[in-house]
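Visitor: Here our numbering is used: position 247 in the sequence shown is 247, and no number is missing along the way. Glycine is no exception: its CB is placed at the ideal position from the N, C-alpha and C atoms.
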Amino acid sequence: MAQGQSIKDVLCEAILLATGLAVFQNAFALSDRQLVNSRNSILSTATSLKYPQIAHRFEQDRGFAKHLTNYVTGRIGNMRGQVKEVVQKLVPSLYGIHQVPIEDGQHKRFVSDLLLRLNYIFPRAMVTDSTTACTSEPYLHPAIITVLHKFFFHGRKLLGRCFQDTFSSMVDSDNAKEIPQAMLALVSVAIFAALKEWEQGLNESTSCEFVSANFSEQYDLHIMFLGMRILKTDGSGKGKYHALMAHLYREAVGANVSDADLAGAAKLPNLDFNGMEE
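Here it is as structure tokens:
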């Protein structure tokens, strides 16, 4: 087989592996950590596909290794951007943005309220009425479920299907698969980014670049919320955490949908933990 084709084979599989690491472990890994993940993905793939000559060159030729590593790393950024593109089309309708008058700053205030303390993760009985938010149902907003379904599961070759056996359960008593934290936080941050653009006066026809460095703090906020407010640091929320993540997985797979530290905890939303299903 020609060397060029073998390199393409390795890159294709390495990108899939590195992307899988991102959505199952850390979708906003620091640049150094992401480079390590990309490098390990390339070496692992070259070995598994039985291309020892590529693995050897990758370890010996720094220029070659840098080129391939940067390429794979760049594709992780592309994946995040693609999630944002899906979100961009869904946010206006699923959050009722067009139902709110633009006059007298109502439009901006409405979106600003959604952004406050992760309000956008909670579904509402009436989409434009913040008093109807279901605070016992974090992350069950239709926008989150729809994006999970469309981007990760709506097609045989999408990531959720490719890594079907990687999804797992954190409880021994129920093996129902869960949506991983990294995947859920990525989708949530993409929604935050799209809403932020609406707050700034942009709309679905315009979009800012979804740069990971600009949103890593928001990503960490979601990881903190999931860990501190739902799972709990002592693990006492494990049952409710599992029920939530397993429910999200079931909805994402089969959904019939339409087109940190304590200081940081002050930014987290109020949560009706006792009202959550277990």
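Taking 8 Å as the threshold, find out whether the segment 123-135 comes into contact with the segment 44-58 through three or more Cβ pairs.
Guide: no
Visitor: What does residue 133 pair with, by DSSP beta-bridge criteria?
Guide: Position 133 of the sequence shown, counted from the first residue, corresponds to residue 133. Note: residue 133 sits in a beta bridge opposite 124.
Visitor: Can you tell which of 69, 47, 194, 78 has its C-alpha closest to the C-alpha of residue 115?
Guide: For this step, residue 115 is matched to residue 115 along the sequence shown. Shortest Cα-Cα distance from residue 115 to any of 69, 47, 194, 78 involves 194.
Visitor: By alpha-carbon positions, which one of 173, 165, 148, 65 ends up nearest to residue 191?
Guide: Indexing the sequence shown from 1 puts residue 191 at position 191. It is 148.
Visitor: Please report the distance separating the alpha-carbon of residue 33 from that of residue 61.
Guide: Taking the sequence shown and counting its residues from 1, one reaches residue 33 at position 33. Taking the sequence shown and counting its residues from 1, one reaches residue 61 at position 61. Straight-line Cα distance between these residues: approximately 21 Å.
Visitor: Taking the alpha-carbon of residue 70 as reference, which of 39, 49, 46 has the nearest alpha-carbon?
Guide: Within the sequence shown, the letter at position 70 stands for residue 70. Distances from the CA of residue 70 to each of 39, 49, 46 were compared; the closest alpha carbon is that of 39.
Visitor: If you draw a straight line from the alpha carbon of residue 141 to that of residue 247, how long is it in whole angstroms?
Guide: Within the sequence shown, numbered from 1, the residue matching residue 141 stands at position 141. Within the sequence shown, numbered from 1, the residue matching residue 247 stands at position 247. The C-alpha of residue 247 is placed about 12 Å away from the C-alpha of residue 141.
Visitor: Classify residue 14 as buried or exposed, calling it buried when 16 or more other Cβ atoms lie within 10 Å of its own Cβ.
Guide: By 1-based counting over the sequence shown, the position of residue 14 is 14. Residue 14 should be labelled buried.
Visitor: Short check: CB of residue 83 to CB of residue 151, under 7 Å?
Guide: Residue numbering aside, residue 83 sits at position 83 when the sequence shown is read from its first letter. Residue numbering aside, residue 151 sits at position 151 when the sequence shown is read from its first letter. In this structure, the beta-carbon distance from residue 83 to residue 151 falls below 7 Å.
Visitor: With a threshold of 16 other CB atoms inside 10 Å of the CB of residue 80, please say whether the residue is buried or exposed.
Guide: Within the sequence shown, numbered from 1, the residue matching residue 80 stands at position 80. Its Cβ being crowded by 16 or more others within 10 Å, residue 80 is buried.
Visitor: I want to know whether the segment 232-247 touches the segment 165-185 - three or more CB-CB distances under 8 Å.
Guide: Of all C-beta pairs linking the segment 232-247 to the segment 165-185, three or more are shorter than 8 Å, placing the two stretches in contact.
Visitor: Assign residue 117 to one of three DSSP states: helix, strand, or coil.
Guide: As a working note, residue 117 is residue 117 in the sequence shown. Three-state DSSP puts residue 117 in a helix.
Visitor: Am I right that residue 96 and residue 127 are in contact with their C-beta atoms under 8 Å? What's the rounded C-beta distance?
Guide: Reading the sequence shown from its first residue, position 96 is the one you call residue 96. Reading the sequence shown from its first residue, position 127 is the one you call residue 127. Rounded to the nearest angstrom, the Cβ distance from residue 96 to residue 127 is 4 Å, consistent with a contact under 8 Å.
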